[in-house]
Structures are given as structure tokens and as C-alpha cells.
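First to last, the protein sequences are chains A and B.
In terms of this note's numbering, the first sequence opens at residue 185 and continues consecutively.
In terms of this note's numbering, the second sequence opens at residue 12 and continues consecutively.
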Amino acid sequence: MTNSKYDLVVVGAGPGGYVAAIRASQLGLNAAIVERESVGGVCLNWGCIPTKALLRSAEVGHLLNNLEAYGFSADNVSFDIKKIVQRSRNVAKQLSSGVSHLLKKNKVTVIMGSASLKKKSGGEFNIEVLQEDKTYFNLKSTNVIMATGARAKSLPNIVPDREDIWTYKEAMVPNTLPKSILVIGSGAIGIEFASFYNDLGVDVTVVEVLDRILPAEDIDISKFACKSFVKQGIKIKTSSMVKSLKKSKAKISVQIETAAGSEEVSVEKVIMAVGITGNTENLGLENTAAEVSNGQLVVDKWGATKEPGLYAIGDLVGAPWLAHKASHEGVICAERIAGIENVHPLDTSNIPGCTYSRPQVASVGLTQKLAEDAGYKVRVGHFPFVGNGKAIALGETDGFVKTVFDAKTGELLGAHMIGAEVTEMIQGYTVARTLETTESELLNTVFPHPTLSEMMHESVLDAFDRAIHI
Amino acid sequence: MSIQILMPALSPTMTEGNLVAWLKKEGDNVVSGEVLAEIETDKATMEVEAVDEGVLGKILVPSGTEGVSVNAPIAILLEEGEDISSLKVDLESPVSNNSRSSKVSPEKAEVELEKDVSIISDITPSDGNATNSRNFPASLPTKKDDDRIKASPLARRMAMHAGLDLAQIAGSGPNGRIIKADIDQLLSNGQDSKASLSKSVIEGPDTQSSINYDAVPNSGMRKVIASRLTESKQTAPHFYMTVDCNIDALKLVRKELNEKVEGTKISINDLIIRAAAIALKRVPEANASWTEDATLLYKSIDISVAVAIDGGLITPIIKNAGAKGLQQISSEMKDLANRAREGKLMPEEYKGGTFSISNLGMYGVKEFSAVINPPQGAILAVGAGEERPIIKDGAVTAATLMSCTLSVDHRVVDGAVGARFLSTFKGLIEDPLTMLL
Chain A
185 MTNSKYDLVV VGAGPGGYVA AIRASQLGLN AAIVERESVG GVCLNWGCIP TKALLRSAEV
245 GHLLNNLEAY GFSADNVSFD IKKIVQRSRN VAKQLSSGVS HLLKKNKVTV IMGSASLKKK
305 SGGEFNIEVL QEDKTYFNLK STNVIMATGA RAKSLPNIVP DREDIWTYKE AMVPNTLPKS
365 ILVIGSGAIG IEFASFYNDL GVDVTVVEVL DRILPAEDID ISKFACKSFV KQGIKIKTSS
425 MVKSLKKSKA KISVQIETAA GSEEVSVEKV IMAVGITGNT ENLGLENTAA EVSNGQLVVD
485 KWGATKEPGL YAIGDLVGAP WLAHKASHEG VICAERIAGI ENVHPLDTSN IPGCTYSRPQ
545 VASVGLTQKL AEDAGYKVRV GHFPFVGNGK AIALGETDGF VKTVFDAKTG ELLGAHMIGA
605 EVTEMIQGYT VARTLETTES ELLNTVFPHP TLSEMMHESV LDAFDRAIHI
Chain B
12 MSIQILMPAL SPTMTEGNLV AWLKKEGDNV VSGEVLAEIE TDKATMEVEA VDEGVLGKIL
72 VPSGTEGVSV NAPIAILLEE GEDISSLKVD LESPVSNNSR SSKVSPEKAE VELEKDVSII
132 SDITPSDGNA TNSRNFPASL PTKKDDDRIK ASPLARRMAM HAGLDLAQIA GSGPNGRIIK
192 ADIDQLLSNG QDSKASLSKS VIEGPDTQSS INYDAVPNSG MRKVIASRLT ESKQTAPHFY
252 MTVDCNIDAL KLVRKELNEK VEGTKISIND LIIRAAAIAL KRVPEANASW TEDATLLYKS
312 IDISVAVAID GGLITPIIKN AGAKGLQQIS SEMKDLANRA REGKLMPEEY KGGTFSISNL
372 GMYGVKEFSA VINPPQGAIL AVGAGEERPI IKDGAVTAAT LMSCTLSVDH RVVDGAVGAR
432 FLSTFKGLIE DPLTMLL
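This is the structure we're talking about:
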């Protein structure tokens, strides 16, 4: 750390921050990144990646419980939650050190500590970093990108105590498997934990304030997911609110207000998954012209705040709270700072969303309802997993692919999928949307047989009354 | 940081232009405000001035290139101390997206283009230490594959539905690709008419024919005349009405004015402009345009006057003519006509206008019907003043008559309105003292 003057200092080394720093360095900027906890951020250490490792274990468990369907039998199948958690932690660790290596390879200076902006001097930012050993370290930089991410939101009457009332973080590293869990919120995070714990045999209840689970998804997807989870044994209470929690010995009594009236549920643990809020505090933003509104830093389409030279990206600037959105914003931001020509702002309508529950959910673009509300006359196609050869061979016949087109122009307005491996398939439609293809190109694309992706083709065919296999 | 000089848009509807000539060479110093190049737009030749100062590092679009898209990089300006090797240019910026014009343009231009469009594809770190000397990579993209217009399938289909010609649209997507947003914007601006040339204009004459001819490349002006007048005749239902005006009195008044007022040289045409302006004031329904949603009744009387110039014609505008006296109309008209012939009009001086006058009297034309200049609603075609026999008080006598034909867009102006305008105009011309006030 001999050089404490930089072209760019990135605060926060999550998927937004580290990507921005690497891109900036590729473009010849002298870049440093400050991280208070672990390189890779929530995504890598406490989010996307470790949960995928947990869900993989749950999937293996599910297969083991259904071995006979595939001609196998096994006795005394058992699991150890500690080992499942350990595997998840090892995966996160492997990737975190991978990111550290990438930063080093790209000559980005990594500084561990908490950064705070002081008053600018000589047109430059002064950044004070409080290091773990309680000493301060000062940096100067022409530009700063804030990428400090977000944390779980709490409700006024329900504050996570980290023992019995968990956030995603505690839910990811249980010491023992609870007998019952209440999940508050049915977005991607809530549903993934519900699915994980249910597959491990925990009695799971999900409470959602809106009238359907996965409320950001297409209504058909929400309905199908709900049916599927209920069949698996998850209890789902929509249009419901948790009124109060009462902790007693080894039990939590939860008062839930449902459409049908008030009811009480007794659970061992509660997982809060009601959304997230930006980490805007203690960054020294009061020393700048940047504005904070509703727990988010206010930025323009390039990530620029009101303070010249100060940018922000990722969860800190708002929805969709997705790692891939943050990374993409990081690249755009770094390229703008480096003065690259022809940088295009992020088109948020082309950001896919994935939920890795069983069944998986993936979508991009507008739901049918949003498309219709926006005044489009739509053509809609459906294709069920049960009509697909590969799905039947896999023993994964639950799910469907839905496509929504503008009847007038043939634009693919949205695609919505539920079922096995759909999170790996949504990119096909995302590429299609980014390239602005119409139904014509999709109809004329040859999909390999036998694959699940053939359903993507059939769904488009169906939208234009040409489906073959249904 | 090097600065890309982009093809400027000299008017809101301009999508491409011809790069006529560079007035600076590579390596020349340039200060802000200096003229770098001449560009031929729809109707005029314009000068491109430098905004920043520096050294002209690289000319990307050589002199004589036609159909250069607006916002395409045409040159690169280096700042002080910067080396040419630190240049980085978007690889596939559309230099020319008009395939036909590049075919008819001299071969030399194409060769120069291939040689000149040097591009460094790698991004050089801007740490100021770029020390490579003039060392361009050998593999250069050429514009041979000009015919391909980059557009998304969706944009293509939307353009087809809207009847837009993709070749006339500047794309805002990656590498100048035309995307949905570009079409949406064009449609919402309602400027589709400007961007869409009719098919016959695009394809040009039948080149298979064995008849001998010289292919004169269409200038920007010719293309605009072709597209706008084709559009006018195809969309505006024209009808025509003619009046004969006795201009004996008018000639007399003009003679007296020019003799008695020192330094004044009012023309018949000036008087016609004045009379038309007053007539429009009295019959404001004739000062109107058709749009799909509404008929626009203009509050200002801006008269476009057709002026023949080399290679075509242009219509400089006497703005707010209803509020201007004869002397002012006369001196403005002289100035506009002179500068029109020199190709030095600014776009705002010939774009717009609410009513047109075309006068071919000086060529001895007795009478003719003009094509309406869209989106205007009417045009007055003025013939020569000539001695003709008339019957006055039961006897044949001679008078100087001038036939004026009004072409009217029937969507906005009906026969009775047109007739009222013409009779008011005729009254003013025949009793000129009433228009002097």
C-alpha cells in the first residue's frame, strides 16, 4: 500500500464492486477496492453461491428419497446438516479466494476495512479506512464507486435476534436441523429456504402478505409453484401477515392474520425474508452532494450520484437485487469513468431472474399481466414439461414454459419458466430479447433433441398456433 | 483523451449527409471555431467548425464520401501531447450506410476509405505513457460489405410496418445497430415521413437499360426534393385554381416607389410576397397544415419562396411576413436569395415555412401548377406578367395580366377557402395602394 492515490476506489467487493474494479483496471485505471468483511460480498459468501450448494444437497436428498423410481434401492439413507453446511461454506471459500486471485491478477489493490468519505480536497475524494486493527488508513481518489450492497430488512414488530429469528445469514448455517420453520416473505430468498428445509424434512410454513407467492413472477408461475409446494408439504398462507411473535422455551408462537381470520402457529425458528435495504450508513455520504432516498443511493442511468466523481451500483441503488445486475452496472460505471465511447445504459427489462427452489423458476421481461396493462395485444404460448421427452426421461415432468409476444410486432415481451433446470435455460430467451429477435427467428431456430430446451421452441410455436408436440 | 469528431446533425430531421471536403489535413493544428470540413446536407453546404482544440489526428471519412450517417465518427482530434497511437475507434461505426451512393461515387473514394479507416481495436490504457509511434495494425475493416444495414429483427419489422427506410435511420445500439428504441423515437417524433423515401427514389433509374446516359450521383438536395415532392403528390390531394391579375397598377406603383424613394428596389416578387402575406392574414384558414390528429392553423405567416440554385432549388423563408413592410421583405429576400445561390443558408432559414410561392414569371411561363411543399397546405404558382387583350366596358383593350395558380391540399383547405384567399390576393395586387400600409 505504498501508493495511496488512485484513479478509482471501489467500496465493497461484492459482485458489483469487484467486477467494477477489475474492469477499471483493464481499462488502465489505477484502482483499489475496500472490503470490510470478505471479498466476494454477500453473493459469494452469504447469498447466491452458498445457497446453491445447500439446495444441491437438498436435491440429492430428494433423489435419494425417490431412488426406486430409477431402479435403485438403498437402506439407511441419512444426512448430517453440519456436513451439508460445511460443504456450502467450502464452496463459498473456494470462490472467495478465486476472486481475491482475480483482483490480484488484475492489479487491483485490496484493502480490508470500513471506508468512509471525508470532505473532498483539491477536487479529490479523501477516503478514510478503519482497519481491523483499529488503525486508520487514508486514500485519495479521483473517482469512487459505492458498492456496499444491502442487508435483510426487518419488520417493525419482528426484529431478527439471530438465534431463533433468523435472516438469510443464520438460515444458511444451522447447527442443528429445526423441526419447524416459519418463513416470512415468499420472494426468491424465502422460497429457496422453504424449499431447502422442506426437502430436508422440516415442517415449513410460508407467510406472504400479497395474494400469491413469488409475487414478481407471472401469475401462472405463482399458481403452479404454490400447487407444487403444497403437494410437497409446505404450508402456504397468502394474503396473510404476522401480527406478533412470542418466544417461549424452544418454541415461538406466531400470531398470523389471514383472510379467514387470526390463527396461531407454533414453530421452532423464523426466517425473515421480506426484502432488503441498502447499506447507506457510515459511508460519509453527508460529506457529499449524494442523495439517499428510501434506503437507496440516488443515481442516474450511468450510476452517477449528484456528487461529481461519486458513483454507486448494485443493491445499494435499488431493485432488482441481483448479483448479475450489480456486475453489469459495475462494468458500465467503470467504462464511463474510463471515458469509453458507446457505453449503453443497462436495460433492466432484459435482466433475468432465477429462483433455485424445487421446482426452479426463471423469467425475463414482462409478465402477461404487465404486458397487457402496458397496452400490448399479446400472443401467449405454453408448453408443459410432461410433453417433453427429455423431461420424462429425467423423471421431471412438473413445470411449463410460457412465452408472451406482442401480437403486432412479434417482439418477445417476456418468458416465464418453472420446472427442472429452467434457471439454466432462461439465458436463451435473454439473448433473444437483447438481440431484439421476433418470433420468426425463434421459430426458425433449431433446438437440439432431446433436451429440455425444446420446450422453449414449442412454447413459441404454441404462441403462434403451431405447436407440434401438444 | 482523444476526441472523436462526429458527423453533425444540422437539422432535427437530418439522418445523413455528404462529406464534401476536408479543409484541414491530418497533423494540422486546429483551434476552436476553425472550419474543419464542408458538409452537404439536404439542401445546403455547411461548414463544420471545431469545438475543441488540438491536432487533427486521423481523418476517418475522406472527402467526397456520400451518405455519412449523423453521429458517425468522421475524424479524431488529439489533445496536446497525445500520440496518434493512443487512438481507439469504434470498429464498426457506420461510415457510410448508403450502399448505392458508394457504388456511383468515384472508385478513388472507396480505395481511400479502405486505406484510411485505421482502427486500433485494443483499448490502450489511458495512463499517458502510450509511446508507440504511428504504427497501425495491418488488418483493417473495409466498408466493402456496405450493403448490410445493422438492425435488430424487431426494428426491421417495426420499420417495415411503419414504412420507414432503414438506410435513412441512424442506429443507437451497439456499433450503430438500429434498435427498437430508434424506431419508437422516430415514430413518436412523427418524423417518419422525412426518413422514409419512396421505393422508386431509392432504387433509382433502370440501370439494366441499354440507353446511353451519364449517371449523375444524386446530391443530398436532389434526394430531398425527390422524397418530399413524391410524398406530397402521393399523400396530399392537390386541387388547383387560377386567377388572372391585372398588374398595370402594380407596375406603376412599383415604378413610383423605386423612383421616389432613394435606394429602394422593390421587385414585383416582393409585392407578391407582401400581398400573399396580407391575404393569409385575412384568410387564416389557408395558412394551415394537415396532421393525422389535427389541422394546424399557424399563428405566424412564414412564406417560403422558391429560389432556383445550381442542381435544384431551395425555399428560403420570409419569417413572420405578415408583420413586415415591403422594404424589409425586399431586403431580406435579396439577402436570402444571394446566400441561397452560394449555398450558405442556415437550416433554419429554409426549413419550416407555412405557405410557399413559386414564381417562374421571369422565364416567360404563362401559368403553371406547383407541387405543395409538405407539410404546408398550399403553394402559389406565379406566371409572367404579359400584355393580353381584355374586355373592358364592352371594348377590347390591352392590359398586363399575371396568372396565379394556387395548389391546395384538400385535406386542410376547401375550395371556398382557397377561392377567398385568391380573390383577396387578386384584390390587393390590382389595388396595390391597399397593401402599402
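Here a beta-carbon is modelled for each residue, glycine too, at the ideal position from N, C-alpha and C.
Model, not experiment: these values are computed from the prediction.
Item checked: Backbone secondary structure at residue 188/B - three-state DSSP -> Three-state result, residue 188/B: coil.
Checklist line | Option nearest residue 193/B by Cα separation, candidates 620/A, 591/A, 321/A, 367/A | finding: Measuring from the Cα of residue 193/B, the nearest candidate turns out to be 620/A.
Checklist line | Residue of 408/A, 623/A, 471/A, 495/A minimising C-alpha distance to residue 541/A | finding: Comparing alpha-carbon positions, the option among 408/A, 623/A, 471/A, 495/A lying closest to residue 541/A turns out to be 408/A.
Item checked: Alpha-carbon to alpha-carbon, residue 649/A and residue 193/A -> 54 Å
Next item on the list: Determine, using beta carbons only, whether residue 615/A comes closer than 9 Å to chain B.
Entry: no
Next item on the list: Using a Cβ-Cβ cut-off of less than 8 Å, give me the residues of the region 230-249 of chain B that come near chain A, in sequence order.
Entry: none
Next item on the list: Could you tell me which of 19/B, 85/B, 180/B sits nearest to residue 37/B, measuring between CA atoms?
Entry: 85/B
Notebook entry, point to check: Do the region 336-351 of chain B and the region 392-410 of chain B touch if we need at least three Cβ pairs shorter than 8 Å?
Noted result: Contact between the region 336-351 of chain B and the region 392-410 of chain B is absent, because fewer than three Cβ pairs lie under 8 Å.
Margin query: For a cutoff of 9 Å on Cβ pairs, would you count residue 638/A as touching chain B?
Written below: no
Margin query: Give me the subset of the region 164-186 of chain B whose CB atoms are less than 9 Å from a CB atom of chain A, sorted by chain position.
Written below: 164, 165, 166, 167, 168, 169, 172, 183, 184, 185, 186
Checklist line | residue 175/B versus residue 79/B: straight-line alpha-carbon distance, rounded | finding: 18 Å
Checklist line | Bridge partner(s) assigned by DSSP for residue 296/A | finding: 219/A
Checklist line | residue 437/A, DSSP secondary structure in three states | finding: strand
Margin query: For residue 15/B and residue 66/B, what's the separation of their Cα atoms in angstroms?
Written below: Whole-angstrom Cα-Cα distance: 12 Å.
Next item on the list: Return helix, strand or coil for residue 461/A, following the three-state DSSP convention.
Entry: Three-state result, residue 461/A: strand.
Checklist line | Rounded C-alpha distance that separates residue 400/A from residue 502/A | finding: Answer to the nearest angstrom: the Cα atoms are 15 Å apart.
Next item on the list: Figure out for me which residue from 73/B, 186/B, 251/B has the closest Cα to the Cα of residue 428/B.
Entry: 251/B
Next item on the list: In angstroms with no decimal places, state the Cα-to-Cα distance between residue 461/A and residue 547/A.
Entry: 23 Å
Notebook entry, point to check: Does DSSP put residue 322/A in a helix, a strand or coil?
Noted result: Of the three classes helix, strand and coil, the one that applies to residue 322/A here is strand, per DSSP.
Next item on the list: Show which residues of chain A have a CB atom less than 7 Å away from the CB atom of residue 15/B.
Entry: 525
Item checked: Alpha-carbon to alpha-carbon, residue 637/A and residue 609/A -> CA-to-CA, the gap between residue 609/A and residue 637/A works out to about 7 Å.
Next item on the list: Put residue 430/B into one of helix, strand or coil per three-state DSSP.
Entry: helix
Margin query: Suppose only complete runs of 4+ residues qualify. What are the alpha helix (DSSP H) ranges in the region 533-559 of chain A, listed by chain order?
Written below: If only uninterrupted alpha helix (DSSP H) runs of at least 4 residues are considered, those enclosed by the region 533-559 of chain A are 552-557.
Check: With 9 Å set as the bound, which would you pick, yes or no: does the beta-carbon of residue 228/A sit closer than that to a beta-carbon of chain B?
Finding: no
Item checked: Stretch pair the region 487-501 of chain A + the region 509-517 of chain A: three plus CB contacts closer than 8 Å -> yes
Next item on the list: List the residues of chain A that residue 69/B touches, going by C-beta distances under 7 Å, in chain order.
Entry: Going along chain A, no residue has its Cβ under 7 Å from residue 69/B, so there is no contact; the nearest lies around 14 Å.
Check: In terms of DSSP beta bridges, what is residue 65/B paired with?
Finding: 41/B
Margin query: According to DSSP, is residue 181/B part of a helix, a strand, or is it coil?
Written below: coil
Next item on the list: Can you tell me which of 593/A, 391/A, 604/A puts its alpha carbon nearest to the alpha carbon of residue 160/A?
Entry: For chain A, the structure presents residues 185 to 654; residue 160/A sits outside this window and is missing.
Notebook entry, point to check: Short check: CB of residue 329/A to CB of residue 507/A, under 9 Å?
Noted result: no
Next item on the list: Under 7 Å Cβ to Cβ from residue 409/B, same chain only, skipping five residues before and after it: list those, please.
Entry: 398, 400
Check: How should residue 144/B be labelled, buried or exposed, when 16 other C-beta atoms within 10 angstroms of its C-beta is the threshold for buried?
Finding: Legend: pLDDT at residue 144/B = 36, less than 50; position of this residue unreliable, no value from coordinates given.
Next item on the list: Measure from the alpha carbon of residue 226/A to the alpha carbon of each residue in 280/A, 564/A, 418/A, then state which is nearest.
Entry: Looking at the Cα atoms, 280/A is the closest of the given residues.
Item checked: Contacting positions in the region 560-577 of chain A - beta carbon closer than 8 Å to chain B -> Those would be none; no residue qualifies.
Notebook entry, point to check: Taking 9 Å as the CB-CB limit, is residue 190/B close to chain A?
Noted result: Closer than 9 Å: yes.
Check: Between residue 326/A and chain B, is there a C-beta pair that is closer than 9 Å?
Finding: no
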